[in-house]
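Residue numbering for the sequence shown follows my numbering, starting at 3 and increasing by one per position.
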Amino acid sequence: MLPFTRPSIDEDTIAAVAEVLRSGWLASGPKVAQLEAELSAYLGGRPVRTQTSATAGLEMALLACGIGEGDEVITPALSFVATANVIVRVGARPVFVDVGLDSRNIDLGETEAAITPRTRAIMPVHFAGHPVDMERLYAIAQRHRLRVIEDAAHAIGSCWRGRRIGSFGDLVCFSFHPNKNMTTIEGGAISGGSAEELRAIELHRWHGQVKSGLDGFDTLLAGGKYNLSDVAAAVGLGQLRRLEEFNARRRALISRYYELWAEDAPLRLPERGDEGHSWHVFTPLLPLAQLSISRAKFMEAMKVQGIGTGVHYPAIHLFTAYRALGYREGQFPNAERIGRETVTLPLFPAMQLQDVERVVNAVNTILRGARR
Ligand SMILES: *Cc1c(COP(=O)(O)O)cnc(C)c1O
Numbered sequence: 003m004l005p006f007t008r009p010s011i012d013e014d015t016i017a018a019v020a021e022v023l024r025s026g027w028l029a030s031g032p033k034v035a036q037l038e039a040e041l042s043a044y045l046g047g048r049p050v051r052t053q054t055s056a057t058a059g060l061e062m063a064l065l066a067c068g069i070g071e072g073d074e075v076i077t078p079a080l081s082f083v084a085t086a087n088v089i090v091r092v093g094a095r096p097v098f099v100d101v102g103l104d105s106r107n108i109d110l111g112e113t114e115a116a117i118t119p120r121t122r123a124i125m126p127v128h129f130a131g132h133p134v135d136m137e138r139l140y141a142i143a144q145r146h147r148l149r150v151i152e153d154a155a156h157a158i159g160s161c162w163r164g165r166r167i168g169s170f171g172d173l174v175c176f177s178f179h180p181n182k183n184m185t186t187i188e189g190g191a192i193s194g195g196s197a198e199e200l201r202a203i204e205l206h207r208w209h210g211q212v213k214s215g216l217d218g219f220d221t222l223l224a225g226g227k228y229n230l231s232d233v234a235a236a237v238g239l240g241q242l243r244r245l246e247e248f249n250a251r252r253r254a255l256i257s258r259y260y261e262l263w264a265e266d267a268p269l270r271l272p273e274r275g276d277e278g279h280s281w282h283v284f285t286p287l288l289p290l291a292q293l294s295i296s297r298a299k300f301m302e303a304m305k306v307q308g309i310g311t312g313v314h315y316p317a318i319h320l321f322t323a324y325r326a327l328g329y330r331e332g333q334f335p336n337a338e339r340i341g342r343e344t345v346t347l348p349l350f351p352a353m354q355l356q357d358v359e360r361v362v363n364a365v366n367t368i369l370r371g372a373r374r
């Protein structure tokens, strides 16, 4: 069985985890400090704070910006649902805008049109690791005095015009879930932030508590509990060392997909982007209108061939929790079409070029046999 993704954990990382387990210090300690320092060095020396997930990171970033009840945050209708959920969880309103059909990234024209006096922040997603147009995004934010919280869950190692995502910008949130381009099992990191925002993130991350001397404690706010463990950080250190190699491998596999589908591709390929794209997922669209089978039947047929597939993602505004906020079908046509037609094909560093050929042959056979 070829899955659509699989993490690559090497023996050195397994040994480093065993060493932490034997050390007697398992929760946040020297390995977390080292991972934050190495991530900071990777991101041009910016401050980095790790946490238990990107979901926690995005939520703490919103809280650190003082966003809550009565505020609006502009975000794409197509993403993993966490992007919108965190906005709701802090009491603010997610204001959705559509995405580009092939870029999958937030439409910046619609973003600017959606700004109201209640807008406090923009939360874009670098979809699949394809960077948003940062010049245009930050020009809009500056014009309207908005904070930008980048959902960079897919984008560790991505570059925009040669600059790493996270090495600039306001607050940039990465995910280290096992499906992402590097993992700490579960985990995330925030890069950037003002001195006050960093202080707020540290408080929200650990009970709002500050210590002084050996026995002085104070709690400044009702914080959460989102600190990473040293066991997780040891995995992250092993992964970060190989991140450039992993991402180069993803790009090589993608080149093979695009080469084999240079002509007569039976599905619609996403925008290719440039060498700054880190290819977290490969998500073509099925031409459902020309097919006699559903997406589920296609996925089933792939499974029979021993090939795993996924869906990244259904449009967020059509979920029950978001319809309850007043969203409805027809508002964001690209996000809705992508949500219906998208299918994720295998892409991960341990995959071989022959695996790409196998996937392409299976897709070609299934889709050509299902033409109306
Ligand atoms: C994975 C993901 C998240 C959440 O990351 P976790 O670390 O699992 O909390 C947020 N946004 C997007 C776009 C994601 O893909």
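Beta carbons are placed, not taken as given, at the ideal position from N, Cα and C, and that holds for glycine.
Residue i: CB within 8 Å of a non-hydrogen atom of ligand 1
i           : result
residue 296 : no
residue 188 : yes
residue 337 : no
residue 160 : no
residue 153 : yes
residue 279 : no
residue 105 : no
residue 50  : no
residue 84  : yes
residue 60  : yes
residue 77  : no
residue 227 : no
residue 181 : yes
residue 212 : no
residue 57  : yes
residue 177 : yes
residue 81  : yes
residue 206 : no
residue 156 : yes
residue 134 : no
residue 127 : yes
Distance between residue j and residue i (C-alpha atoms, nearest Å)
i           : j           : result
residue 139 : residue 101 : 14 Å
residue 230 : residue 191 : 10 Å
residue 14  : residue 234 : 14 Å
residue 254 : residue 183 : 14 Å
residue 340 : residue 128 : 16 Å
residue 239 : residue 37  : 6 Å
residue 202 : residue 59  : 12 Å
residue 116 : residue 198 : 28 Å
residue 222 : residue 196 : 19 Å
Residue environment, residue i, which counts as buried when at least 16 other CB atoms sit within 10 Å
i           : result
residue 109 : buried
residue 306 : exposed
residue 33  : buried
residue 219 : exposed
residue 216 : exposed
residue 159 : buried
residue 119 : exposed
residue 16  : exposed
residue 322 : exposed
residue 145 : exposed
residue 3   : exposed
residue 77  : buried
residue 149 : buried
Local conformation of residue i per DSSP, three classes
i           : result
residue 322 : helix
residue 94  : coil
residue 46  : coil
residue 307 : coil
residue 25  : helix
residue 63  : helix
residue 153 : strand
residue 330 : coil
residue 202 : helix
residue 34  : helix
residue 297 : helix
residue 16  : helix
Short CB-CB distance (under 9 Å) between residue i and chain D
i           : result
residue 192 : Although the question refers to chain D, the structure presented lacks it and comprises just one protein chain.
**OP:** May I have a chain-ordered list of the alpha helix (DSSP H) segments no shorter than 4 residues that lie completely inside the segment 216-293?
**Re:** Along the length of the segment 216-293, whole alpha helix (DSSP H) runs at least 4 residues long occupy 232-242, 245-262, reported in chain order.
Original post:
Which whole runs of the alpha helix (DSSP H) in the segment 76-146 are 4 residues long or more, in chain order?
Top reply: Counting only runs of 4 or more, we get 84-91, 110-115, 136-145.
Original post:
Hey, which unbroken runs of the alpha helix (DSSP H) at 4 residues or more fall wholly within the segment 335-368?
Top reply: Annotation note: the segment 335-368 contains the following uninterrupted alpha helix (DSSP H) runs of length 4 or greater, listed N- to C-terminal: 335-343.
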